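Written out below as structure tokens is the structure these notes cover.
Protein chains in written order, with the working numbering: chain D, 2 to 400; chain P, 4 to 375; chain X, 133 to 650.
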């Protein structure tokens with residue numbers, strides 16, 4: 002009896018492996034996608050997909066990092082899903098984007114709207130929620146086709162550059178779930194970093210800079226990526242760009258700040274650069290005379306990097322108060338500038354002040370929640386910075 | 004005759020099955036409730052649940068060596084078979100619901116292009132193998148597995164702590180009392196483990212009150228943590244996700260272990276298996292008490308066929324999945340099965356015993372309890 | 133169809149009849165007679181004129197005695213000391229009667245400790261096969277047996293299968309009596325009890341059941357005794373022959389009966405309330421009942437420092453997990469869920485997969501099959517050739533297969549880690565190697581879901597074992613804090629509960645039935 006049962010079970014098991022009820026796709030038959038660039042042109046979505054395709058040198062598993070181990074495919078379709086399905090036709094492997102690292106939105110698709118992008122990547126099971134998102138002032142195609150010869154893949158290099166930028170206060174990483182979360186938040190505003198393409202230094206040591214990637218570029222030259230500010234979306238559409246100089250303030254206000262070097266220059270104390278780290282920010286909404294305003298208090302610590310004191314100045318030793326004041330002014334200016342740009346000029350709240358108002362003054366919120374734009378434009382702000390230099394480095398300030 | 008598993012093992016079984024049902028559904032499906040409402044509601048429903056089980060504890064204090072079903076036989080004579088079959092059908096339905104939910108997750112999140120019939124068949128076969136081995140085996144597996152689950156859960160939790168944003172927990176603006184009331188009732192409905200506890204009560208040795216209280220408290224804490232994480236980390240994004248906890252595991256970052264969603268998927272199959280097996284075993288025990296002469300193999304074959312056909316039929320239509328889920332998780336059914344029915348039986352039991360109408364009937368049910 | 137069923141039924145009926153007929157044909161014991169000649173005729177019939185049957189006739193004045201033995205079983209030097217010397221120095225005379233000689237042999241000859249009477253030819257046969265010499269006297273219808281064992285056996289040597297750094301280097305040998313002595317020397321307690329049985333209808337192998345009467349559960353001893361008495365087999369040549377008869381009902385991958393080759397392990401286990409069974413002719417003793425967590429304990433653990441032992445235990449558990457799951461997981465993730473690999477590993481695996489012809493499942497099955505073939509060949513080959521096997525193996529699998537492009541380099545790494553991990557826990561090698569293949573097939577067909585299902589099924593299989601009232605997965609579940617001091621970590625001897633008894637690890641259900649338990 003047992004033998005018969007086992008026989009039947011064994012047959013079923015063997016049958017199942019033969020008929021392939023679960024499709025086994027060999028790794029060699031999968032095209033591993035590393036970055037997806039999305040453009041929108043003439044009512045069609047144009048996708049540029051960067052695939053890992055190794056150009057090994059000799060040994061079986063050796064991946065040559067000096068060569069371009071990637072290939073770019075372009076497809077187009079009315080929706081992103083349709084374009085994706087056509088990508089299998091351009092080369093012999095099945096597209097697999099479970100390992101996708103980056104989604105790069107071209108300016109055209111950013112202006113068209115985030116709705117399609119979010120909907121496709123959210124619904125699909127293969128794509129993971131922690132994909133990095135970036136915006137480019139031009140066509141995403143150019144970035145992906147650029148010859149970036151550092152690391153195994155260009156997409157990997159781009160991701161690392163953005164991460165380094167986050168560590169030094171020049172940008173921050175935005176992941177897909179951040180975008181999807183903020184897209185449905187009360188203020189419905191999303192901020193995504195912007196990158197641009199630059200020519201690498203040639204052998205003579207001169208550096209050629211280009212403002213935008215869509216202008217002439219020399220074929221065959223290797224390129225580098227650099228950060229180019231933040232793009233701000235409202236209601237899913239691209240509203241405006243914010244310059245690279247204001248990125249640090251945005252990072253502080255978004256509480257993603259890690260560390261950054263701030264330079265303060267003044268006649269009295271010369272030039273000094275201090276690395277600021279460990280920032281704690283408190284944002285408190287407050288109603289005064291019926292007007293809503295926000296108190297922003299930032300506390301940071303500082304490490305002195307260098308101090309250059311002018312020749313003819315008497316300066317006390319271990320007295321950094323004046324440097325601290327000067328730094329505080331610098332940072333306060335930056336933050337004020339950003340708040341003005343976002344709140345007053347563009348009427349967007351990318352720092353989620355609305356959630357704090359909702360928590361602290363629910364009745365006020367309930368009365369005014371139909372007209373968020375009004376609240377934002379009338380929002381006052383008071384910024385107070387406190388820098389505390391506690392590490393002086395190995396040299397003390399001395400005449 | 005009955006006592007086979009220890010209180011701690013029963014606790015792990017109930018805990019695992021309760022947590023499983025909260026890991027798979029979206030907290031916002033059904034009625035759109037705010038996160039804070041669900042948190043407060045589940046806390047209050049803890050006390051409601053304690054109140055509901057008072058009649059059943061009193062009933063079991065009187066019966067020395069029996070089940071609620073044998074008590075039903077005592078009170079109502081031959082008509083007690085209806086009670087047995089009500090519980091059995093409910094247990095089978097919960098088992099079917101679990102299997103359907105498990106397959107739904109697999110089909111949508113993992114194997115999107117696969118023919119799911121063989122997966123379903125394997126799962127049902129495994130559940131029946133577990134149920135045939137008896138309640139001791141299931142309880143031991145769940146005890147071993149419970150430890151892994153708690154460790155994994157703590158892992159995921161610590162990885163998510165850095166992404167928690169307390170400002171997402173906004174106060175409730177629209178009709179807070181109504182939302183909290185709905186949430187209490189909802190939570191009660193999702194707690195099908197109360198029925199499982201009633202029917203597994205006589206199998207347990209040890210202090211059952213302690214087991215029950217620790218189960219309630221720990222499961223409430225776990226549910227609170229899960230809802231808290233979903234609300235604070237994902238905010239309104241979770242409303243658009245079918246499996247928010249699965250997305251949470253992709254976001255969770257510890258420095259070395261990045262792909263925690265694989266951990267989630269692997270654990271999760273075993274969780275589904277333990278829950279489904281427990282309910283199938285409960286169904287089998289109810290049926291075998293009501294039909295003591297029928298052999299074990301026959302009962303299990305019938306259960307197997309019933310489950311397979313139902314799962315195939317329900318899985319093919321999304322409407323059917325939704326209806327089944329709504330039916331199982333409605334608070335009314337739990338209220339009837341856990342509170343009203345035992346209450347009636349308790350009253351009739353006291354009445355009969357006080358009147359000493361049929362002393363013979365009360366002492367010896369005449370039905371073999373040792374069918375297992 | 134009907135004819136087939138009918139023929140089957142008649143075949144069953146016929147076989148029953150034959151069995152009954154066979155049972156009726158048993159030998160009635162043949163008693164010895166007074167005349168020596170008659171006895172010798174009976175004995176020669178019994179021994180069927182076997183080539184090693186020795187018989188020596190002696191005359192003491194007017195009485196004839198005959199000394200019988202089996203060549204090779206007797207120690208001739210002992211024979212002269214035991215028998216010939218005393219007989220020579222006895223003061224017999226012409227008036228000596230056979231009864232005098234008999235009483236002299238029985239009462240006055242103190243050179244032999246091992247002396248019994250025999251009355252039937254069956255007994256003579258059994259005793260002579262065990263190395264006794266039998267003395268038959270003309271005129272007396274019984275014989276005298278003297279123990280004079282002198283057969284050759286392997287001397288006590290280091291156990292080959294359980295290697296320890298610190299424990300004793302003595303292992304069991306083949307003769308049962310010597311093994312019994314080794315245990316007796318280590319536990320000098322009057323509570324240690326030996327029970328002897330003869331198992332095997334043709335081989336009549338001696339089997340010894342030993343236990344400590346103050347710690348063991350009498351119900352368990354009764355059950356085991358019952359099982360041993362009812363073993364239905366014709367020859368028992370190794371303890372593995374009787375192992376299946378001691379196991380429980382549900383078919384399980386893991387065995388509840390453990391084996392060991394060391395007397396100190398046996399002593400430790402008996403002290404915890406278990407029963408050890410020694411079989412004549414094999415150095416491997418059986419230990420009943422055996423828990424799953426004991427596969428990860430070795431005798432060395434109790435001699436080393438506790439922190440080192442705890443570290444080793446954790447390594448053993450992790451290696452067990454590796455050796456079962458690693459190839460299956462690798463195949464499942466590589467075929468179905470490549471998103472679970474970290475980036476850099478994925479690129480390496482994908483590049484290696486580009487060049488190889490087989491899918492991952494076939495590669496894994498192939499290379500593990502070759503590994504098992506090599507391992508078996510290494511076991512069976514004569515020693516001088518063994519070195520060549522290891523070199524060939526390393527070359528074939530390691531280098532050549534990869535450079536020839538048959539197998540990817542990551543797969544070789546996986547099989548190497550798997551193989552090494554399997555040697556850390558040698559006592560469960562058999563289930564582990566089969567399970568490994570099972571997981572590879574299931575993982576390659578169904579992915580992580582299949583592995584999850586297989587793990588659940590394996591867990592159920594392990595957890596449903598509970599024989600002799602002891603749950604196989606104790607003390608992990610049902611949980612017993614006292615006994616947990618020796619499972620994942622080992623506490624020092626001062627803190628460990630000195631009276632851990634297997635009776636306390638019974639399942640909750642078993643405590644109801646059987647009044648003698650804890």
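The beta carbon of each residue, even a glycine, is placed where N, CA and C say it ideally should be.
For clarity, every value in this text was computed on a predicted model and none was experimentally measured.
query: Taking 8 Å as the CB-CB cut-off, is residue 383 (chain X) touching chain P?; result: no
query: Identify the contact partners of residue 595 (chain X) in chain P, using a Cβ-Cβ distance below 7 Å as the criterion.; result: 140, 143 and 144
query: Residue 174 (chain D): beta carbon under 7 Å from a heavy atom of the ligand NAD?; result: Of ligands this structure carries none, so the ligand NAD is not represented either.
query: Could you pull the DSSP bridge partners for residue 341 (chain X) from this structure?; result: X:327 and X:409
query: Mapping the DSSP letters down to three states, classify residue 5 (chain D) as helix, strand or coil.; result: helix
query: How would you label residue 308 (chain P), buried or exposed, when you count the other beta carbons within 10 angstroms and need 16 or more for buried?; result: exposed
query: If you check the beta carbons only, do residue 333 (chain P) and residue 192 (chain P) fall under 8 Å apart?; result: yes
query: What is the rounded straight-line gap between the Cα of residue 18 (chain P) and the Cα of residue 149 (chain P)?; result: 8 Å
query: Got a sec? Which residues, its chain only, sit under 8 Å from residue 670 (chain X) by beta carbon, not counting five neighbours each side?; result: In the structure as shown, chain X starts at 133 and stops at 650, and residue 670 (chain X) therefore has no counterpart that could be examined.
query: If the cut is a Cβ gap below 9 Å, which residues of chain P does residue 92 (chain D) touch?; result: Within 9 Å Cβ-Cβ: nothing; residue 92 (chain D) doesn't reach chain P, min ~20 Å.
query: For the alpha helix (DSSP H) that residue 322 (chain P) lies in, which residues bound it at each end?; result: 321-331
query: Given a cut-off of 8 Å, decide if residue 131 (chain D) and residue 254 (chain P) are closer than it, judged by their beta-carbon atoms.; result: yes
query: Name the residue from D:384, D:354, D:309 and D:380 whose alpha carbon lies nearest to the alpha carbon of residue 396 (chain D).; result: D:309
query: Relative to chain D, which residues along the segment 528-543 of chain X have a C-beta separation below 9 Å, given in chain order?; result: 534, 535, 537, 540, 541 and 542
query: Between which two residues does the alpha helix (DSSP H) carrying residue 65 (chain P) extend?; result: 57-65
query: By how many angstroms is the C-alpha of residue 52 (chain D) removed from the C-alpha of residue 349 (chain D)?; result: 37 Å
query: Residues of chain D with a CB under 9 Å from the CB of residue 307 (chain P): which are they?; result: The contacting residues do not exist; residue 307 (chain P) stays about 13 Å from chain D at best.
query: Using a Cβ-Cβ distance cut-off of 8 Å, determine whether residue 53 (chain D) contacts chain X.; result: yes
query: Within a Cβ cutoff of 8 Å, which residues of the same chain sit near residue 62 (chain P), ignoring the five residues on either side of it in sequence?; result: 71, 74, 345, 348, 349 and 352
query: Against chain P, with Cβ distances strictly below 8 Å, would residue 211 (chain X) count as a contact?; result: no
query: For the pair the segment 89-99 of chain P and the segment 286-305 of chain P, tell me if three or more CB-CB distances fall below 8 Å.; result: yes
query: Take residue 457 (chain X) as the anchor and find which of X:369, X:332 and X:576 has the nearest alpha-carbon.; result: X:576
query: Quick one: residues in its chain with C-beta nearer than 8 Å to the C-beta of residue 433 (chain X), no 5 flanking neighbours on either side, listed in chain order?; result: 441, 444, 445 and 622
query: Starting from residue 216 (chain P), follow the alpha helix (DSSP H) in both directions and report where the run begins and ends.; result: 211-232
query: So is residue 357 (chain D) in contact with chain P if we call contact Cβ pairs under 8 Å?; result: yes
query: State the Cα-Cα distance for the pair residue 163 (chain X) and residue 251 (chain X), rounded to the nearest angstrom.; result: 6 Å
query: Between which residues of its own chain and residue 100 (chain P) is the CB-CB distance below 8 Å, once the five residues before and five after are set aside?; result: 327, 328 and 331
query: Less than 8 Å between CB atoms is the rule here; does residue 52 (chain P) satisfy it with respect to chain X?; result: no
query: Can you tell me the Cα-Cα spacing of residue 219 (chain P) and residue 149 (chain D), whole angstroms?; result: 58 Å
query: Counting only the same chain and skipping the five closest in sequence on each side, list residues whose C-beta sits under 7 Å from that of residue 224 (chain P).; result: none
query: Could you tell me whether any Cβ in chain P is nearer than 8 Å to the Cβ of residue 130 (chain D)?; result: yes
query: How about residue 332 (chain X) and residue 366 (chain X): do their beta carbons lie closer than 8 Å?; result: yes
query: Classify residue 625 (chain X): buried if its beta carbon has 16 or more other beta carbons within 10 angstroms, exposed otherwise.; result: exposed
query: Need the endpoints of the beta strand (DSSP E) that residue 285 (chain D) sits in, please.; result: 271-289
query: Going by C-alpha distance, which of D:187, D:332 and D:137 is nearest residue 303 (chain D)?; result: D:332
query: Identify every residue that forms a DSSP beta bridge with residue 346 (chain X).; result: Paired residue(s): none; residue 346 (chain X) is not in a bridge.
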